[in-house]
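**Q** Residue numbers (this note's numbering): 1373 to 2292. Cβ coordinates follow ideal geometry from the N, Cα and C atoms, glycine included. This is the structure I have questions about; it appears just below.
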Amino acid sequence: MSLKSSYRAAPASLRPTYTGGPTALTPDGLYLLTTLHSTGVYITHLASSRVVARIKGDGTPITALAVAPNTDSEGGEWMILTAHQSLSIRYYPFSTTTAADYLSLQDTQPPFLTFTRQLTRAQTHQSPILSLSVSPPVPGSDATLFSTGSADGTVKVWDTKGGYVTHVFRGHGGGVSAFSWRFHLTTTTNTTYGANLITGSVDTRVRVYDLLSPSAGAGKPVYVLEGHVSVVRGLDVAPGGRWLLSAARDRVGLVWDLEAADKKGKSVPKVVQTLLASESLETVGFVSGTHGIQGVEQGRMVCFTGGERGRVRLWDVLKGVEVAVVPGLEVEEEPEEDEQRGLAYVFYNPDTAASVAVHHDQNIVVASLPTLSVTRQIIGFNDEIIDSTYLSTSAPDSHLVLATNSSLIRIYDTATMDARLLSGHTDVVLCLDKSPDGQWLVSGSKDNTARIWRHGVEGWRCVAVAQGHAEAVGAVAMSRSGGGKAKFLFTASQDRTVKMWDLSELSGDVEGEPRKLKSLATMRVHEKDINSLDVSPNDGLLVSGSQDKTLKVFSVTYRAGTANAPASGGIKQLGVCKGHKRGVWSVKFSPTDRVVVSGAADRTIRVWSLDDFTCLKTFEGHTNSVLRVGFLSNGMQLVSTASDGLVKLWNIREEECIKTLDGHEDKIWALAISSDEKTIVSGGADSVVTLWQDCSVEEQQEENAKLEKQVADEQDYQNYVSLKDYKRAIQLALAMAQPGRLLNLFNRVYEARHATPSDAKSITGSLAVDEILRSLPPKDLVRLLKFVRDWNTRAKTSGVAQRVLETVVRGKSPNDLMRTFEVASAKHPAAEEEEVVEPAAEEAPKRHRATTADLISLQDLLDGLMPYTERHLNRVERTLVDSYMVDYILGEMDGGVFDLGSLEVDEVSDALEEEMAVDV
1373 MSLKSSYRAA PASLRPTYTG GPTALTPDGL YLLTTLHSTG VYITHLASSR
1423 VVARIKGDGT PITALAVAPN TDSEGGEWMI LTAHQSLSIR YYPFSTTTAA
1473 DYLSLQDTQP PFLTFTRQLT RAQTHQSPIL SLSVSPPVPG SDATLFSTGS
1523 ADGTVKVWDT KGGYVTHVFR GHGGGVSAFS WRFHLTTTTN TTYGANLITG
1573 SVDTRVRVYD LLSPSAGAGK PVYVLEGHVS VVRGLDVAPG GRWLLSAARD
1623 RVGLVWDLEA ADKKGKSVPK VVQTLLASES LETVGFVSGT HGIQGVEQGR
1673 MVCFTGGERG RVRLWDVLKG VEVAVVPGLE VEEEPEEDEQ RGLAYVFYNP
1723 DTAASVAVHH DQNIVVASLP TLSVTRQIIG FNDEIIDSTY LSTSAPDSHL
1773 VLATNSSLIR IYDTATMDAR LLSGHTDVVL CLDKSPDGQW LVSGSKDNTA
1823 RIWRHGVEGW RCVAVAQGHA EAVGAVAMSR SGGGKAKFLF TASQDRTVKM
1873 WDLSELSGDV EGEPRKLKSL ATMRVHEKDI NSLDVSPNDG LLVSGSQDKT
1923 LKVFSVTYRA GTANAPASGG IKQLGVCKGH KRGVWSVKFS PTDRVVVSGA
1973 ADRTIRVWSL DDFTCLKTFE GHTNSVLRVG FLSNGMQLVS TASDGLVKLW
2023 NIREEECIKT LDGHEDKIWA LAISSDEKTI VSGGADSVVT LWQDCSVEEQ
2073 QEENAKLEKQ VADEQDYQNY VSLKDYKRAI QLALAMAQPG RLLNLFNRVY
2123 EARHATPSDA KSITGSLAVD EILRSLPPKD LVRLLKFVRD WNTRAKTSGV
2173 AQRVLETVVR GKSPNDLMRT FEVASAKHPA AEEEEVVEPA AEEAPKRHRA
2223 TTADLISLQD LLDGLMPYTE RHLNRVERTL VDSYMVDYIL GEMDGGVFDL
2273 GSLEVDEVSD ALEEEMAVDV
């Protein structure tokens, strides 16, 4: 097996996208907008769970969010509106076409959107904006309005395109908490439309404002609807404009007939039905469209509600009865959990016939209403990743399991990254392991139990519970041999004991209540917490790592139960591995050799012999505690993670780190390796799960291609020099970024300046080279001047630098030089025209496209040239002064000491001065 040499982060890596706050759904139902850490917005493609764009914001928390149709054809289909704690409102154009193009790329960093307009505090409100809503298109035009409601009870209506205020409404008894729009045909004529804005407030009242009446400018509502006794959280108007739904935290939803009339014929909205939800409601809406709903009578008016119990419930509006429940996350009957897992927002899109439920614990569930089934689940924030492992159900490594700082276990489908949550534990899950066939999962928790999970027709179910430890279960390990279901299980607890459990009686049936596992043996093995367990590939040995700085190795005996005798088993200590200076966090058996590897808080990785329990090798390189270790390449390589946020790949034989992967900003607690070793999963305290893909073959191919290209370029360069094709040689050397070759070329040309009489008068030693330097394209010339700046810093190469610089300066005016630098940096409008390559020199630039990454500015060039040029000039002047002393000494000498022959003193002095002038 070939050794691995490198891994790269995959686009499917999991990063936080939602940490609570306002959310919004695009009108096409394809993209969800969520807030991250209050200040940024992530735009997620629901069908793939991939983030396609981001918004930075203005640095202050985002208090409200909405999506409007974009009337600017150049900006994309949608305009995202964000309201900030700074009281500003920003416009961000979003293009679904650009987003779809990004989905086909392998880039892991989605682009940032740039705002095109900002409404400042002086234009908006004087108090924080709590709610923001965009109207449907105004009848008769494609224009839209949006409304903002502040904490001081003020409502403003804006023209979306113009950004100006059309209406101001005051009088709310508190913050504005909900909006809805009503564009309807009037009852008197069927050709004119009425326009209403409906608001809900903290003062429990619902107000209806007429946007078209002359009294609208006075800011008074036409109706004030009273019926709730708590803050109004949701409002929606049915198609046609007759029915209004309102939901509040008083556990009821009200259905209002907006076209009802009293005995005198005066329009007076009234309540016609009450939805007894028996839970605090956060959102409500009508279910429109032609899609039928399973189990719901056709033609009935249906609405949805969402609240503290975490369920999306469907109601017959006029009957006031619940007709269906959309599956998803359901909150257990635990008061302390209700508020955390309840619903914050529910969106319904008639085009996709899907509901998007956003929970307070950052879980997002997409469900199909016609089939009442969950189609996708996205986890916006995983919190601290504690452990991970792969499972194989429908295919090898088909699922990735994560244990986070939660009692819920996360299971991701590796093909689609669709997530599911497993509930059963009552406290934080600390550790995970799997059976040899990857179809059984075991989890250990702070609730002092371990649970066995199995996948069935209806999903993952808990089939067994291991209960008996007095404290939290911090490590679990299943048997390894056999290739199928595990035969036994080891659990380690903070009570310093290891328990052995019999799994032979478990079957593939996932129905019924979980079974109680039988403990085969219990043994106190360490003096401090046990952090890690592992079973050898042949099930003959068990190793434990503890905070007491030691590893202990045990022999394992197991006998399966029969009809005449129950199962039995036990462990016996064989040896202790001592050498770590701090607690041991991770232990692993080699798949091929009689060694065990450990990672500890003393920042080292040690390989131990199972024959005499001595340390064979020590790996040092991490700058903090080593938290996880694993074997690769049939035991010839190691992979480790640590508190320094790094993943390191090691070769055991050479005892060296060959690759360091940096993809985290905090401790990396979780490490999982796929069965084919092509993917390494690392999860950390930064809530990031990075999938590292093996790119050893690709990198080797890239290196080979790069080497072949370099050899071909070097051969071309030598051919150009031999043929004295200096133009191509200079351009190729510049494209290859090899200043040494250019320096040798200029020296060679200057030394041969006397070979041709005409070249003796050139600056560089060749008139052809002089002309080539003056006619170089802007980017090549700027790159050459960068090399000149570097050459000029050394006295040995300053002569070449000064000759090249003089050639350029004499051939170009200051204005030409300034324009050259502008064109090279692609800031000049004539940049494209200047990049014309002559046919004779087209071959070299075609292989090396010029980039601006290695270019400098004119100011940087001058700052680098002037100090050293002045230093060289001063050195020459000092040498010239010293030469006068030589003249004097030679003139005072009477001969005899130096035989100057026929050379006069003045001639010697003239020769020295000429040589110094040449250097300058």
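What is the rounded straight-line gap between the Cα of A2132 and the Cα of G2263?
**A** Within the sequence shown, the letter at position 760 stands for residue 2132. Within the sequence shown, the letter at position 891 stands for residue 2263. When rounded, the distance between both Cα atoms is 33 Å.
**Q** Helix, strand or coil for E1654 per DSSP?
**A** Reading the sequence shown from its first residue, position 282 is the one you call residue 1654. Note: E1654 maps to strand in three-state DSSP.
**Q** Can you tell me where the alpha helix (DSSP H) holding H2244 begins and where it ends?
**A** Locating residue 2244 in the sequence shown gives position 872, where the first residue counts as 1. Its alpha helix (DSSP H) spans residues 2230-2264.
**Q** Anyone know if the C-beta pair for T1454 and G1429 falls short of 8 Å?
**A** Translated into positions along the sequence shown, residue 1454 becomes position 82. Translated into positions along the sequence shown, residue 1429 becomes position 57. Yes.
**Q** Can you tell which of S1904, L2153, R2243 has its C-alpha closest to the C-alpha of S1865?
**A** Locating residue 1865 in the sequence shown gives position 493, counting from the first residue. Selected option, being the one with the closest Cα: S1904.
**Q** Report the option in L2234, S1916, L1491, T1821 whose CA atom is closest to the CA atom of S1958.
**A** Counting from one through the sequence shown, the residue named residue 1958 turns up at place 586. Answer by Cα proximity: S1916.
**Q** Should the region 1420-1428 be regarded as contacting the region 1738-1746, the criterion being three or more beta carbon pairs within less than 8 Å?
**A** With a cut-off of 8 Å, the region 1738-1746 and the region 1420-1428 do not count as touching, because too few Cβ pairs lie within range.
**Q** At the level of alpha carbons, what is the spacing between A1939 and G1846?
**A** Counted from its first residue, the sequence shown places residue 1939 at position 567. Counted from its first residue, the sequence shown places residue 1846 at position 474. If I take the Cα positions, the gap works out to 25 Å.
**Q** Where does the unbroken alpha helix (DSSP H) through E2194 begin, and where does it stop?
**A** Translated into positions along the sequence shown, residue 2194 becomes position 822. Its alpha helix (DSSP H) spans residues 2186-2196.
**Q** Along the chain, which unbroken stretches of the beta strand (DSSP E) at least 3 residues long are found entirely within the region 1430-1467?
**A** 1434-1441, 1450-1456, 1461-1466
**Q** For T1922 versus V1967, is the C-beta distance shorter than 8 Å?
**A** Along the sequence shown, read from residue 1 onward, the residue named residue 1922 stands at position 550. Along the sequence shown, read from residue 1 onward, the residue named residue 1967 stands at position 595. No, Cβ-Cβ distance for T1922 and V1967 is not below 8 Å.
**Q** From which residue to which residue does the alpha helix (DSSP H) around T2179 run?
**A** What you label residue 2179 is simply residue 807 of the sequence shown in a count that begins at 1. T2179 -> alpha helix (DSSP H) spans 2170-2183.
**Q** Considering only the alpha carbon of each residue, which of T1821, L1804, D1809, Q1811 lies closest to T1798?
**A** As a first step, residue 1798 is located in the sequence shown; it is residue number 426 there, counting from the start. Taking only the C-alpha atoms, the option nearest T1798 is T1821.
**Q** Take R1672 and list the residues in its own chain whose beta-carbon comes closer than 6 Å to its own, dropping the five residues that flank it on each side.
**A** One-based indexing of the sequence shown puts residue 1672 at position 300. Excluding positions up to five away in sequence, the list reads D1688.
**Q** Buried or exposed, going by whether 16 or more other CB atoms sit within 10 Å of the CB of D1769?
**A** Start at 1 with the first residue of the sequence shown, and residue 1769 comes out as number 397. Classification for D1769: buried.
**Q** Assuming I1757 and G2056 form a contact by the criterion Cβ under 8 Å, report the distance between their Cβ atoms to the nearest whole angstrom.
**A** Within the sequence shown, the letter at position 385 stands for residue 1757. Within the sequence shown, the letter at position 684 stands for residue 2056. Right, their Cβ atoms sit about 6 Å apart.
**Q** Below 8 Å, can you find three or more Cβ-Cβ pairs linking the region 1659-1669 to the region 1614-1621?
**A** no
**Q** Measuring straight from C-alpha to C-alpha, what distance separates S1374 and G1993?
**A** As a first step, residue 1374 must be located in the sequence shown, where it is residue number 2. As a first step, residue 1993 must be located in the sequence shown, where it is residue number 621. Between S1374 and G1993, the C-alpha separation is close to 24 Å.
**Q** Can you tell which of F1719, V1548, K1890 has the C-alpha that lies nearest to the C-alpha of R1577?
**A** To locate residue 1577, count along the sequence shown from 1; it is residue 205. The shortest C-alpha separation from R1577 is found at V1548.
**Q** Decide yes or no for the touch test of the region 2109-2124 against the region 2185-2195: beta carbon pairs closer than 8 Å, at least 3 of them.
**A** no
**Q** Check G2112 in the structure and name its three-state DSSP category.
**A** The count along the sequence shown starts at 1 and reaches residue 2112 at position 740. Residue state for G2112 is assigned as helix, using DSSP reduced to three classes.
**Q** Can you name the start and end residues of the alpha helix (DSSP H) that K2158 belongs to?
**A** Locating residue 2158 in the sequence shown gives position 786, where the first residue counts as 1. Segment 2150-2163, the alpha helix (DSSP H) holding K2158.
**Q** Does the distance from the C-beta atom of V1627 to that of V1644 stay below 8 Å?
**A** Here residue 1627 refers to the residue found at position 255 when the sequence shown is read from its first residue. Here residue 1644 refers to the residue found at position 272 when the sequence shown is read from its first residue. Result yes, Cβ atoms of V1627 and V1644 sit closer than 8 Å.
**Q** Who pairs with F1719 in a beta bridge, going by DSSP?
**A** One-based indexing of the sequence shown puts residue 1719 at position 347. BP columns for F1719 point to V1728.
**Q** At which residues does the alpha helix (DSSP H) containing A2101 begin and terminate?
**A** Translated into the one-based positions of the sequence shown, residue 2101 becomes position 729. Unbroken alpha helix (DSSP H) run through A2101: 2098-2107.
**Q** Report all residues from its chain with a CB closer than 8 Å to the CB of E2178; omit the five preceding and five following residues, and keep chain order.
**A** Taking the first residue of the sequence shown as 1, we reach residue 2178 at position 806. Excluding residues within five positions, the ones whose Cβ falls inside 8 Å are I2135.
**Q** Buried or exposed for M2190, please, with buried defined as at least 16 other CB atoms from any protein chain shown within 10 angstroms of its CB.
**A** Within the sequence shown, numbered from 1, the residue matching residue 2190 stands at position 818. With fewer than 16 Cβ atoms within 10 Å of its Cβ, M2190 is classed as exposed.
**Q** DSSP three-state call for Q1481: helix, strand or coil?
**A** Residue 1481 sits at position 109 when you count from the first residue of the sequence shown. In the structure shown, Q1481 sits in coil (DSSP, three-state: anything other than H, G, I, E or B).
**Q** Nearest to V2376 by alpha carbon, out of R1623, M1789, S2185, D1805?
**A** Since the first residue shown for the chain is 1373 and the last is 2292, residue 2376 is missing from the structure and cannot be characterised.
**Q** Give the range of the alpha helix (DSSP H) segment to which L2145 is assigned.
**A** The sequence position of residue 2145 within the sequence shown is 773, counting from 1. That run of the alpha helix (DSSP H) goes 2139-2146.
**Q** So the candidates are S1760, S1519, V1413, P1886; which of them puts its Cα closest to the Cα of P1482?
**A** Along the sequence shown, read from residue 1 onward, the residue named residue 1482 stands at position 110. Looking at the Cα atoms, V1413 is the closest of the given residues.
**Q** With a cut-off of 8 Å on the beta carbons, I'd call A1729 and S1740 a contact; round off their distance for me.
**A** Walking along the sequence shown from the start, residue 1729 turns up at place 357. Walking along the sequence shown from the start, residue 1740 turns up at place 368. A1729 to S1740, Cβ: 12 Å. No contact.
**Q** What span of residues does the beta strand (DSSP E) with N1735 cover, start to end?
**A** Residue 1735 sits at position 363 when you count from the first residue of the sequence shown. Run containing N1735: 1735-1740, per the beta strand (DSSP E) assignment.
**Q** So, using beta-carbon positions, are G2236 and R2161 closer together than 8 Å?
**A** Numbered from 1 along the sequence shown, position 864 holds the residue referred to as residue 2236. Numbered from 1 along the sequence shown, position 789 holds the residue referred to as residue 2161. For G2236 and R2161, yes; Cβs fall inside 8 Å.
**Q** To the nearest angstrom, how far is the alpha carbon of D2097 from that of L2230?
**A** Residue mapping note: residue 2097 aligns to position 725 of the sequence shown, counting from 1. Residue mapping note: residue 2230 aligns to position 858 of the sequence shown, counting from 1. Inter-residue distance for D2097 and L2230 is about 29 Å (C-alpha atoms, whole angstroms).
**Q** Tell me which same chain residues have a C-beta within less than 8 Å of the C-beta of G1545, skipping the five on either side of it?
**A** In the sequence shown, the residue the question calls residue 1545 occupies position 173. So the list reads G1525, S1573, V1574, D1575, R1577, once near-sequence residues are dropped.
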